[in-house]
Structures are given as C-alpha cells and as structure tokens.
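In what follows, a structure is listed as structure tokens, so that the remarks can point back to it.
There are 2 protein chains.
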Amino acid sequence: MLTIPWKAGAGWGAPEIKPYGPFALDPSSTVLHYAQTIFEGMKAYKDANGDIRIFRPDMNMKRMNTSARRIALPTFDGEALLELIKDLVRLDQHWIPTETGHSLYIRPSLIGTQKAIGVGPPNEALLFVILSPVGPYYPNGFKPVALYGTTEYVRASPGGTGAYKLGVNYAPGILPQQHAAQLGYAQNLWLHGPEHYITEVGTMNMFVVFRTDDGGYELVTPPLDGMILPGVTRDSVLTLARDHLTQKTPVAGLPPKLTVSERPVTMQEVKAAAQAGKIVEMFGAGTAAVISPVDRIGYLGEDILIPTGEGGMGPIARAVWTELVGRQTGAIPHEWSVVV
Amino acid sequence: MLTIPWKAGAGWGAPEIKPYGPFALDPSSTVLHYAQTIFEGMKAYKDANGDIRIFRPDMNMKRMNTSARRIALPTFDGEALLELIKDLVRLDQHWIPTETGHSLYIRPSLIGTQKAIGVGPPNEALLFVILSPVGPYYPNGFKPVALYGTTEYVRASPGGTGAYKLGVNYAPGILPQQHAAQLGYAQNLWLHGPEHYITEVGTMNMFVVFRTDDGGYELVTPPLDGMILPGVTRDSVLTLARDHLTQKTPVAGLPPKLTVSERPVTMQEVKAAAQAGKIVEMFGAGTAAVISPVDRIGYLGEDILIPTGEGGMGPIARAVWTELVGRQTGAIPHEWSVVV
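These protein sequence lines map, in sequence, to chains A and B.
For the first sequence, this note's numbering assigns the number 340 to the last residue and increments by one with no breaks.
For the second sequence, this note's numbering assigns the number 680 to the last residue and increments by one with no breaks.
This is the structure in structure tokens:
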C-alpha cells in the first residue's frame, strides 16, 4: 500500500510504499467521529501485450482534489500522486488478473487524523492507496438489475454534498439499500423533489434511451446539478456518443440518428414512455460494472418494465460498453487509456 | 478508554477498560471509506459532596441506538453500556475538574470496522468510549455569538440524516463554518427551503423568545421534523419550561405568562419581529455550551440584531440556564442528574 502523511504547516510528508497492514489511529481521530473521508475508485488492466493500463486517472485525481476542498481536507498534486500510484501498481502487477473482464481495483482514500475531539479542519491527515483484484460484474453474460425508485429517503439535496465523492454519501445509503433488497430490488434509484426527478443510483449514473418520433434515439442522462456525482464513466459515455455524432471518433454499433441530452428526467416521463413503448433501454454507468442494464423500476407500488434487448443489453448500451471496455483494456487504442 | 468489539453472528464481545491508546484499523475498514460512524456527547460533574453526576444519560443511550439503526450499525443494551461508562468514569474520576463550570466530557462512538471494500452492513464494528476534561464555554461571563443564516449550503433535508447523530452530519459543515468565520460569524445557522425556515446550528438547537401582544412571552423552537437533531438540552429546556407552566416544578425567574411552542419559524418572521422590537432574545441549547445567547444573525447581506439582556443573556435564557446547570451539577436535586 501507499501512504502519504500530511501535517498543517509542514504539508505533505514523504510517500511510502510498504506491505499492507493496519493503521495505528488515535481514538479521537477526526475520521472516526465526524466522517472526514473521501475516496476514489479506479481499475488497472493488463492488455494483450502485458502492458498495464489505467483509464482516465487524471479525472479521478481532479475529482479527489475537488472532494478534499469540500470537506476541508488538504489538496495535493494530482500528477504526483498518479506517478506514485503507478509505482505501486507496477510493484504489485502480479496481482492484476489477466482473465477477460478482471482487473486490479485501485482505492485512493484521504482521511482526517487530527487527534482532538473538535469539529474543524484537521491539523493532520493521511492519504493512502490500497489495491484489490476484482472479477467482472457479469461473469456469465449481462444480468439486468431491478431498481427501487426510492421516495422514503434521499441521497442528496440542493446545497448538499451529493456532487462530491465523500464517504458521507455512502453509509447512509445502506439502510435504504436493505429496504430495497427486501422488496426484491437490487439498488436504490434516488429521486429528487415532488416531481421525482431521476438523479443517480449511488454507485452509478443513470442513462435512459428514448425512441424519438422521427425514428431516432435520444440518449438522456440527468445534468450535473449539484446532486449527482460527476462519474468518469458518465463523462466517457457522453463524450464517446458526442464524438460519434460529430464523426470525430465513430463508434461501431451506435446509430447515426442519435441525440445526446443532459436534461432532467422525471419518473412520470419514464413511466409514460415505457407504457407508450418509447423506451429503448435504461442503464447505469460506473467504474465497478462499467455499464449495467436495468429491466425494472419499482415506483410507488408498481413495476415499470424496461426493455433490455438481446442478451440482456440494449443496442445503445452494448455499443457503448463494447467501445468503453475496448478502450479500457487497450484493445481499442485511445488516449483515455494510460499505460503505466 | 472502554472498547467493545462486535462481530456479525457472534454479537457483542467482552468489554474492556484499558489505557488510552491507538486502534489498529485495517486500511479497508468501512469507517475510513464510507463514513460509518455515530457518536454521543455527555458530561460528568463532581458535585459539592464529591459525588459524580451525569445528566440524563438514558437519552444519549437511546439516541445512540436510533443512530446505529439508521446507519446499519449494531444496536446494543443502553443500560448495560451506561453501567460500563459509569465504571470508566469512576476509574478516571481524578480527571473530573472540580472548578465551577468544568466537567469531564464523555464521548461514546461506534464505528464500522469490516475489512472489505464494499458498501453494506459491516460484519465487524467497534464501540468505544473516551474521556476528556473540558472547561466552561464562557469562563468570563456570557459572550453572545453571531450566527450566519446560511443560504449557500444545507445541513439536512427531508428524507436525509439530519435527525440522527451520525458523523456524516459534521465534516460537511466545516467548509461552510470557515466561510461563516471569514464573514465574521461564529457559526452557521442552517436554514431550510425557500422560506428559510430556521433549523439548528449543528452543535446546538435554536430557541427564539417573542414578546406577545398581551405582554407575555412565547418560547419557540422548531419542531423535530426529521431535519433537526433531537437534542437532550433542547428537550430539557422544553420540559423544564412546560413543568414550570403546569406548576409541577416551578423554575425561579421564569415568567408566569409564557407559551411554549414547537413550531416552524422563518427568518422573515425573526427579521420582522426584530425590527418591531418583539424579540426578547435568541439562544442555542446543546451539551457543549448548555445555553448560548445570540446577538446577531447575518442574513442575505444584512445583520439582524437580537437583544441579549443584562450580562449578555436574556431573562428566559438566564432562568433556564441557572436551573439546568443547577440540575446538572447537583446543586438543584432532580431525577435528571444520575449519581455514578
């Protein structure tokens, strides 16, 4: 693991790569009482040549600094941290699985370690990076997930912290997730306001594909309005689709008649479109599953059925997923994939 | 310090009282990534006879269990934990200051310690209690605080976690607090909705005293609507005032013409009442300061001035504070004060 201590006044201390093992944390440490913690998630892949690849790590470094500022933790040189992460991954490269769809998960975290019971900016912090091999989300073909359109709890609200990758956005979601599971759904689809705007799924951003009246498609995701995490996979899906439309980088399988929209979507719109047969598909986008098709949304006591296409995945999602995974694993050469 | 480990299946392990020292926490521990932490704050006093007293600890035990349930941490036997806390306080009683207004702060915490990068109910947790002597908030007489009516950030929202004493409610407030301090205010007064309803101050609940048209007083605090922490001091102020009105337990200095209201209050109401000379005083109520008078609220670019009475504290606050501190320290015998 990689550790870098920070102290007010002195700044960042010497980075150290050392064997994985427990931290000695004072019982009064800020993180243990006031939830002063942020994190990121990235994946390292081995490509066909045996090279190690990480996907758009600059985005994670940038977001982690944005998170740090929001929760009064120290910011850092993102490029320098990335070089250290590369060192760590190179050292531990025998842990990167070579099977298709497998990867090495990279978890950078930054915690407040001030030894004092007082709520304020900490005078000590610890940045650390740990690694873990992970298998594919769908080892046996895509399995669409059922989401629970949650009206009892909220994940985020205007003026809150939903747009930042802070620890505080996660533990409060466990109880709602248990409720959703009891009702037979895999995850919570977080809604906002009396209109029940779709926001995100906690571990994924959401995309809806509508069939348009002119026989084309509209690929919609809710806008970054302060309540939605700016996902790296979300941005990749949008950029990939837009670059396809401008012919900058055509994507195999994506239709030419495609509108890409960042706009609000209500549950009512999804429900009406589903009933009218105008929904092509819905999917989540995140680092863990990359693309995750949705086949059902529980909403106010009934199920809205969503088409999923052949093999559990619709046409847009499949084209996007194929292109994304190709770029991530190095099968499709692209600047997003950084060789370590 | 007191530590009690918990494991799924096995339940709570053996409590241990041992010297204060660091925890060995696995870098993947849930608390370090997903903010799975709750806490409480209590104070132990030495009375004139040398007896140790804790104030309404049953309320803290109950609230801590409510918090645990909300964030998928294990619940516990509150009475049993309280007995263990008493053992710890007895053992460390030489740390309880005897000077007026000083006390021993008691901090119980419960953290998720599962060793795995996955968001879910943890299979391991750790309950611990640490102690620290604390001085009075106002060693040299009351110093009223200026609050910043915050419209840029929110602390809580409907369906969120504001009514629970979770770590997640604290670290996100540090940045707003820094902004408030830059503008010359001591703390954020958290508002809700376009009406700017007064909620709380993060470390204190809020009370406003209005002068009524019949020459009496209305003591108002916002209702527990899911966005406000159910403070022990808040409940004590309300109960004490209500018991005074019914003559169950008259409180010296409180007027007979007093209405006690748990009702919504907007900033507009406070502003208009302040301008019309109808505000008697405002104060915060919490474990740390007990009662904290407010003399100024920054709101939408201007300052609303609040009267504070003689010696920095208004008439209702002073009577409430005198009675509360009397009961806490044992000077006024009352069942709320538990002898350890």
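Yeah, the Cβ is synthetic: ideal placement off N, Cα and C, and Gly gets one too.
Counting only the same chain and skipping the five closest in sequence on each side, list residues whose C-beta sits under 8 Å from that of residue i.
i: GLY555 of chain B; result: LYS597
i: GLU152 of chain A; result: PRO176 and HIS179
i: ARG90 of chain A; result: ILE52 and VAL340
For residue i, which residues in the same chain have their Cβ closer than 6 Å to its Cβ, ignoring the five residues on either side in sequence?
i: TRP346 of chain B; result: TRP352, PRO414 and ALA465
i: LYS426 of chain B; result: VAL680
i: ALA289 of chain A; result: TYR137
i: ARG56 of chain A; result: VAL232 and TRP336
i: LEU422 of chain B; result: PRO397 and MET401
i: PRO108 of chain A; result: GLU40 and VAL129
i: LEU127 of chain A; result: ILE4 and LEU110
If I measure Cβ to Cβ from residue i and keep anything under 7 Å in the same chain, skipping five residues before and after, which residues do I get?
i: LYS626 of chain B; result: First, the residue type needs correcting, since residue 626 of chain B is Gly and not Lys in the sequence shown. The answer, listed in chain order, is THR543, MET544, ASN545, GLY571 and THR573.
i: LYS278 of chain A; result: PHE210 and ARG211
i: GLY666 of chain B; result: ILE672
i: THR501 of chain B; result: ARG410, VAL508 and ASN509
i: GLN376 of chain B; result: THR370, ILE411, LEU413, ILE451, GLY452 and PRO462
i: ALA68 of chain A; result: ILE38, PRO74, THR75 and LEU110
i: ALA317 of chain A; result: GLU281, PHE283, ILE291 and PRO293
i: ASP243 of chain A; result: THR249
i: LYS271 of chain A; result: TYR299 and ILE304
i: LEU224 of chain A; result: ALA163 and PRO230
i: VAL119 of chain A; result: TYR34
How should residue i be labelled, buried or exposed, when 16 other C-beta atoms within 10 angstroms of its C-beta is the threshold for buried?
i: GLN187 of chain A; result: buried
i: VAL577 of chain B; result: buried
i: TYR360 of chain B; result: exposed
i: PRO479 of chain B; result: exposed
i: LYS386 of chain B; result: buried
i: HIS94 of chain A; result: exposed
i: THR440 of chain B; result: exposed
i: GLN587 of chain B; result: exposed
i: PRO27 of chain A; result: buried
i: GLN615 of chain B; result: exposed
i: GLU200 of chain A; result: buried
i: THR669 of chain B; result: buried
i: THR98 of chain A; result: exposed
i: ILE297 of chain A; result: buried
i: PRO498 of chain B; result: exposed
i: GLU535 of chain B; result: exposed
i: GLY173 of chain A; result: buried
i: PRO156 of chain A; result: Inspection of the sequence shows that residue 156 of chain A is occupied by Ala rather than by Pro. By the neighbour-count rule (16 or more Cβ atoms within 10 Å), ALA156 of chain A is buried.
Do residue i and the ligand SAH come close, with the Cβ less than 7 Å from some heavy atom?
i: ASP398 of chain B; result: Within the structure as shown, the ligand SAH is missing, as the structure has no ligands at all.
Can you tell me the Cβ-Cβ gap for residue i and residue j, rounded? I've got them flagged as a contact below 8 Å.
i: PRO457 of chain B; j: MET382 of chain B; result: For clarity, residue 457 of chain B is Ile in the given sequence; the question names Pro instead. In fact, because the Cβ distance is near 34 Å, the residues do not count as touching under 8 Å.
i: HIS102 of chain A; j: PRO144 of chain A; result: Between PRO144 of chain A and HIS102 of chain A the Cβ distance is about 22 Å, and since that is not below 8 Å, they are no contact.
i: ILE96 of chain A; j: ILE130 of chain A; result: Between ILE130 of chain A and ILE96 of chain A the Cβ distance is about 15 Å, and since that is not below 8 Å, they are no contact.
i: HIS60 of chain A; j: GLU40 of chain A; result: One point to set straight first is that residue 60 of chain A is Asn, not His, in the sequence displayed. Their Cβ separation, rounded to whole angstroms, is 4 Å, which keeps ASN60 of chain A and GLU40 of chain A in contact under 8 Å.
i: GLY489 of chain B; j: LEU523 of chain B; result: Wrong, their Cβ atoms sit about 11 Å apart, outside the cutoff.
i: LEU559 of chain B; j: SER601 of chain B; result: 7 Å
i: GLY141 of chain A; j: GLY312 of chain A; result: 6 Å
i: PRO362 of chain B; j: ILE344 of chain B; result: With a Cβ gap of about 17 Å, PRO362 of chain B and ILE344 of chain B do not count as contacting.
i: VAL265 of chain A; j: TYR185 of chain A; result: Contact flag wrong, Cβ pair sits at about 19 Å.
i: ALA171 of chain A; j: ILE228 of chain A; result: At roughly 19 Å, the Cβ-Cβ gap does not stay under 8 Å, so ALA171 of chain A and ILE228 of chain A are not in contact.
i: LEU84 of chain A; j: LEU2 of chain A; result: 6 Å
i: LEU365 of chain B; j: LEU25 of chain A; result: 5 Å
i: MET267 of chain A; j: LEU191 of chain A; result: 6 Å
i: THR662 of chain B; j: GLY654 of chain B; result: No, THR662 of chain B and GLY654 of chain B are not in contact; Cβ-Cβ is about 13 Å, not under 8 Å.
i: VAL678 of chain B; j: ILE394 of chain B; result: 5 Å
i: VAL660 of chain B; j: LEU580 of chain B; result: 6 Å
Problem - Whole alpha helix (DSSP H) elements within the region 447–531 of chain B, 4-residue minimum - result: 514–522
Practice task
Could you please tell me which residues of the region 622–642 of chain B, in chain order, have their CB closer than 9 Å to any CB of chain A?
Solution key: none
Practice task
Using a Cβ-Cβ cut-off of less than 9 Å, list which residues of the region 358–372 of chain B approach chain A; keep chain order.
Solution key: TYR360, GLY361, PRO362, PHE363, ALA364, LEU365, ASP366, PRO367, SER368, SER369, THR370, VAL371 and LEU372
Handout entry: Residues from the region 395–428 of chain B in contact with chain A, defined by Cβ distance under 8 Å
Key = ARG409, ARG410, ILE411 and ALA412
Handout entry: Every unbroken beta strand (DSSP E) inside the region 302–338 of chain A [3 residues or more]
Key = 302–305
Handout entry: Chain-ordered residues of the region 146–174 of chain A with a beta carbon less than 9 Å from chain B
Key = THR150, THR151, GLU152, TYR153, VAL154, ARG155, ALA156, SER157, PRO158, GLY159, GLY160, THR161, TYR164, LEU166, GLY167, VAL168, ASN169, TYR170, ALA171, PRO172, GLY173 and ILE174
Exercise for the section: Note down, in chain order, all residues in the region 454–465 of chain B with a beta-carbon under 7 Å from any beta-carbon belonging to chain A. Expected result: ILE457, VAL459, GLY460 and PRO461
Practice task
Tell me the start and end of each unbroken alpha helix (DSSP H) in the region 237–292 of chain A that is at least 4 residues and wholly inside, in chain order.
Solution key: 267–275
Handout entry: Entirely enclosed beta strand (DSSP E) segments - the region 377–447 of chain B, minimum 3 residues
Key = 377–379, 382–386 and 392–395
Handout entry: Residues from the region 537–554 of chain B in contact with chain A, defined by Cβ distance under 7 Å
Key = none
Problem - Residues from the region 436–448 of chain B in contact with chain A, defined by Cβ distance under 9 Å - result: TYR445 and ARG447
Exercise for the section: Anything in the region 372–388 of chain B with a Cβ closer than 8 Å to a Cβ of chain A? List those residues in chain order, please. Expected result: LEU372, HIS373, TYR374, ALA375, GLN376, THR377 and PHE379
Practice task
Closer than 8 Å, Cβ to Cβ, to anything on chain A: give me those residues from the region 467–480 of chain B, in chain order.
Solution key: PHE468, ILE470 and SER472
Exercise for the section: Using a Cβ-Cβ cut-off of less than 9 Å, list which residues of the region 177–199 of chain A approach chain B; keep chain order. Expected result: GLN177 and GLN178
Practice task
Taking a Cβ distance cut-off of 8 Å, strictly less, list which residues of the region 212–232 of chain A are near chain B, in chain order.
Solution key: none
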